[in-house]
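2 protein chains.
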Amino acid sequence: MSRPLRLAVARRPGRPRGGDDPQVRDALLEAARTLFLRHGFRAVSSRQIAAAARVNPAMIHYYFDGKDGLYRAMLEAAIAPVLTRLVAMLGQQETVDIEALARSYMRVLAGNPWIPGLIVREVLSPDGSFRQAFIRDFAGRFAPMLRTVIGREIDVGHLRDDLDPSLTCISLMSLALFPFISLPITTRVLGVETNEAGLEKLIVHTLGIFLRGVARKETAHA
Amino acid sequence: MSRPLRLAVARRPGRPRGGDDPQVRDALLEAARTLFLRHGFRAVSSRQIAAAARVNPAMIHYYFDGKDGLYRAMLEAAIAPVLTRLVAMLGQQETVDIEALARSYMRVLAGNPWIPGLIVREVLSPDGSFRQAFIRDFAGRFAPMLRTVIGREIDVGHLRDDLDPSLTCISLMSLALFPFISLPITTRVLGVETNEAGLEKLIVHTLGIFLRGVARKETAHA
DNA sequence: GCATAAATTAATCACCTGTTTAAACAAGTG
DNA sequence: CACTTGTTTAAACAGGTGATTAATTTATGC
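So the sequence lines, in the order shown, correspond to chains A and B. Throughout, the numbering used here is defined as the position within the first sequence, counted from one, plus 25. Throughout, the numbering used here is defined as the position within the second sequence, counted from one, plus 25.
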């Protein structure tokens, strides 16, 4: 029992044995993702994040140049994969099937439950700190793309010709996104189920509403 | 020029002449509404509110027992009138016209632009501090009511009989609410207009999508 | 082996937070 | 007049904030 403290301390000062370990950096990113997305940027302190990552608070400044930098890094790490996949999905194919697009979009939201929360907190909230970047890097490109696709469908005659493309965009986004951002409420006041079967029912229902809502009279939904 | 400071200070200590002035209290409530709804609870300090109200910070504790109490009072003052009106609107009439209901609901949102922001920040955001009360006092009553109304319309045969009432509720809320909470984004990426004409177009468009989406085949929309 | 660089710690910095206190002043009351 | 009550102020309080520093330990290059 000569040096009992050694066992309690996870890591003593000094350069670690292994080469360059991304342990500390990754632990900080993970803790930041959990805490920032749950409680928001201002509500979480650097000390809390460091404690959750079992790391010294000074490491935040060492690796990310402060709390702001950690936040930015966490946002990029969280958003980038999904974003690029979604944009690629829309950019690859020339003929876009709106139904398939909405379907995979909703599956992405259901598969990454932190996305709706992030959108609500950082994009839709007044003063959302990510709003500007979100508009520039994503919405600014995605929304006009979608409008173009819808406009073409209207011109071709697949959709009602009295539709406004922009407003139809909004309706589609509303139907596809809002159910997920309101999930914490609707599960409690409407008893919506979040399992796989419930998700599939939601998708089918939503697509049913939208497709009937935009279809020409002759082209009634199957 | 014996006591020049008197002119610079707006009010010296002591009981004011008039009876009980609600000036300070109201000034605090107004400043709180402006700042809280714009920047959120945590981002605004007591000193900022007091400064905006041109009042000593201690007045917050004197009148509202602290920042929390001021927040609660501000929420109640802001929500109560709209809330009671909306619930009364749904409770009075026995035969509910869904189209008229959605229409007036959207007009309320458009007429009180701070409501969408408040819902996003305090209800939909994770850790939204108003979420519990919102569910208990409003959504918990409003949503089941709406579901009942929709379910009856399905049973009567006005709507498709393969519709799920709960999911149809969500679709209606999505279509009616989301365009307003996403307005700061869509105005910039889709150029949506927010004037009276644009609002009317949005309402007509949204109702067109929804009513066609839920209508039976025979009962095609006008 | 020795100097240098990298990684980590404990301690501390200046500042801001919500709140509280003690006093000052004005009005009402006897 | 004295006394109490209500309102307001300036000042301070205890605690938390992000950021920084100096010291410490280890790994690496020569």
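Note that the Cβ used here is the ideal one computed from N, Cα and C, for glycine as well.
Leaving out five residues on either side along the sequence, give the residues of the same chain with a beta carbon under 8 angstroms from the beta carbon of residue i.
i, result
"A77 of chain B", "A56, T59, L60"
"G182 of chain B", "R241"
"P141 of chain B", "L134, L202, F205, I206, L208"
"L197 of chain B", "I123, A127, L171, I175, F235"
"V107 of chain A", "V133, N137, I140"
"M114 of chain B", "L126, S129"
If you measure from the beta carbon of residue i to each beta carbon in chain B, is any gap under 9 angstroms?
i, result
"I175 of chain A", "no"
"F155 of chain A", "no"
"M99 of chain A", "no"
"A102 of chain A", "no"
"F203 of chain A", "yes"
"L188 of chain A", "yes"
"A240 of chain A", "yes"
"F89 of chain A", "no"
"A158 of chain A", "no"
"I195 of chain A", "yes"
"L149 of chain A", "yes"
Assuming residue i and residue j are in contact, meaning their beta carbons sit under 8 angstroms apart, how far apart are those beta carbons, in whole angstroms?
i, j, result
"C194 of chain A", "A168 of chain A", "6 angstroms"
"I160 of chain B", "R213 of chain A", "6 angstroms"
"L54 of chain A", "A127 of chain A", "Going by Cβ atoms, the distance from L54 of chain A to A127 of chain A rounds to 31 angstroms, so no, they are not a contact pair."
"D249 of chain A", "R110 of chain B", "Absent from the structure is residue 249 of chain A, since the part of chain A shown begins at 26 and ends at 247."
"V49 of chain A", "Y88 of chain A", "7 angstroms"
"R67 of chain B", "A68 of chain A", "6 angstroms"
"R166 of chain B", "V121 of chain B", "The pair is not a contact, with the Cβ atoms about 14 angstroms apart (cut-off 8 angstroms)."
"V145 of chain A", "S150 of chain B", "5 angstroms"
Keeping to the same chain, check which residues put their C-beta closer than 6 angstroms to that of residue i; ignore five residues upstream and five downstream.
i, result
"L184 of chain B", "E178, V239"
"Y130 of chain B", "A201"
"M84 of chain A", "V49"
"P82 of chain A", "S71, R72, A75"
"R156 of chain B", "V148"
Under a CB-based cut-off of 9 angstroms, is residue i close to chain A?
i, result
"L192 of chain B", "yes"
"K226 of chain B", "yes"
"M131 of chain B", "no"
"G182 of chain B", "no"
"D162 of chain B", "no"
"V49 of chain B", "no"
"R172 of chain B", "yes"
"G233 of chain B", "yes"
"I210 of chain B", "yes"
Where does residue i land, buried or exposed, given buried means 16+ other C-beta within 10 angstroms?
i, result
"K92 of chain A", "buried"
"P138 of chain A", "exposed"
"A125 of chain B", "exposed"
"L32 of chain B", "Annotation note: pLDDT 33 at L32 of chain B (below 50); position unreliable, coordinate value reported separately. Result: exposed."
"A222 of chain A", "exposed"
"G216 of chain B", "exposed"
So, using beta-carbon positions, are residue i and residue j closer together than 9 angstroms?
i, j, result
"S199 of chain B", "S70 of chain A", "no"
"A102 of chain B", "V80 of chain B", "no"
"L143 of chain A", "L100 of chain A", "yes"
Using a Cβ-Cβ cut-off of 7 angstroms (strictly less than) and excluding sequence neighbours within five positions of residue i, which residues of its own chain qualify?
i, result
"R172 of chain A", "P190, S191, C194"
"G65 of chain A", "R146"
Is residue i near the ligand GDP, judged by its Cβ being under 8 angstroms from some heavy atom?
i, result
"R72 of chain A", "In the structure on display, the ligand GDP does not appear, and there are no ligands present to speak of."
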